[in-house]
Structure formats: structure tokens, C-alpha cells
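>
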Amino acid sequence: MARQADRQVNIRPLNEGGARELRFQSNLSQAQLTRNAKVHTFRRRFGWVLTLAILIIGIVSVSSGMRGYDAIASQVTTANKTLATAKASGVKLKQQKKDLNDKTYLQNYVREKLMYTKSGEVVFSLPNGGKS
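Just so you know, the sequence shown maps onto residues 0 to 131 in numbering that gives the first Met the number 0.
(1) Is the Cβ-Cβ distance between residue 115 and residue 109 less than 7 Å?
(2) Give me the Cβ distance between residue 99 and residue 105, rounded to the nearest whole Å; I'm assuming they're in contact under 8 Å.
(3) Is any beta-carbon of chain B found at less than 7 Å from that of residue 40?
(4) Give the range of the alpha helix (DSSP H) segment to which residue 17 is assigned.
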């Protein structure tokens with residue numbers, strides 16, 4: 000502001016109209032400086048508010064995205080466990096299918112589970128399932 004005042008001191012009006020114009024410009028510049036300061040303060044505050052709003056929106060977006068990610072991750076974990084169980088069951092079923100083609104396994108299975116006996120064979124039932 001001091002520089003503008005110094006510059007204006009060096010300017011001398013040639014007539015009354017020029018003097019009025021210099022006074023008008025001087026008053027205008029002072030009003031303009033006041034307005035500029037107010038606008039600058041407003042823009043600075045608006046900038047901070049806008050930055051804060053964007054930050055809050057970003058945090059909310061990221062947190063909702065993380066909740067969705069956690070839900071999907073738990074679903075993937077559950078699906079992987081189900082898959083592992085299904086694979087294990089598949090392996091057991093394949094082994095059972097393979098064993099059912101074996102005559103000795105089939106004979107033992109029928110004798111144990113269905114209590115079949117060979118002709119002339121006597122089966123004894125022991126208490127406690129045959130354990131000592």
C-alpha cells in the first residue's frame with residue numbers, strides 16, 4: 000500500500016478534472032484493496048471448507064469400500080473352506096468307488112455293516128464292541 004501511495008504522490012494533476020480523477024482512483028484503489036482482502040479471506044475459508052468436505056467424502060468412500068472388501072473377503076474365505084470340504088469329500092468318494100470294485104473290500108464291508116456271514120460260519124458278538 001505504501002508503494003501505491005508513493006507512486007500517486009509523484010503524479011500531479013494538470014487541472015481540476017485530473018485532480019478529481021486522481022482522487023477517484025485513490026478512493027477506488029482503497030476500496031478495491033478492502034474488497035480484495037475480503038475476497039481473499041472468503042476464498043481462503045472456502046478453500047479450507049471445500050478441502051475438508053472432499054476429505055470427509057473421501058474417508059466415507061474408503062471406509063464403505065473397506066466394508067465391502069471385508070464382506071467379499073469373508074465370502075471368499077467361506078467359499079474356499081466349502082471348496083476344500085468338497086474336494087476332500089470328492090477324494091473320499093473316489094476312493095470308495097475304487098474300493099467297491101475290489102471284491103475283498105466289498106466282502107468285508109458287507110460282513111461288517113450288514114452283518115452277513117458265509118455259509119456255515121458262526122459269528123460271536125462281544126460286549127463293548129470287542130474292545131478290552
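For each residue, glycine too, the CB sits at the ideal point set by N, CA and C.
Note that this is a predicted model, so its numbers are computed, not measured.
Short version:
(1) As a first step, residue 115 is located in the sequence shown; it is residue number 116 there, counting from the start. As a first step, residue 109 is located in the sequence shown; it is residue number 110 there, counting from the start. In this structure, residue 109 lies closer than 7 Å to residue 115 by Cβ.
(2) Indexing the sequence shown from 1 puts residue 99 at position 100. Indexing the sequence shown from 1 puts residue 105 at position 106. Rounded, the Cβ-Cβ distance is 6 Å, consistent with contact.
(3) Absent from the structure: chain B. Only one protein chain is present.
(4) Residue mapping note: residue 17 aligns to position 18 of the sequence shown, counting from 1. Taken as a continuous stretch (DSSP letters only), the alpha helix (DSSP H) holding residue 17 covers 15 to 99.
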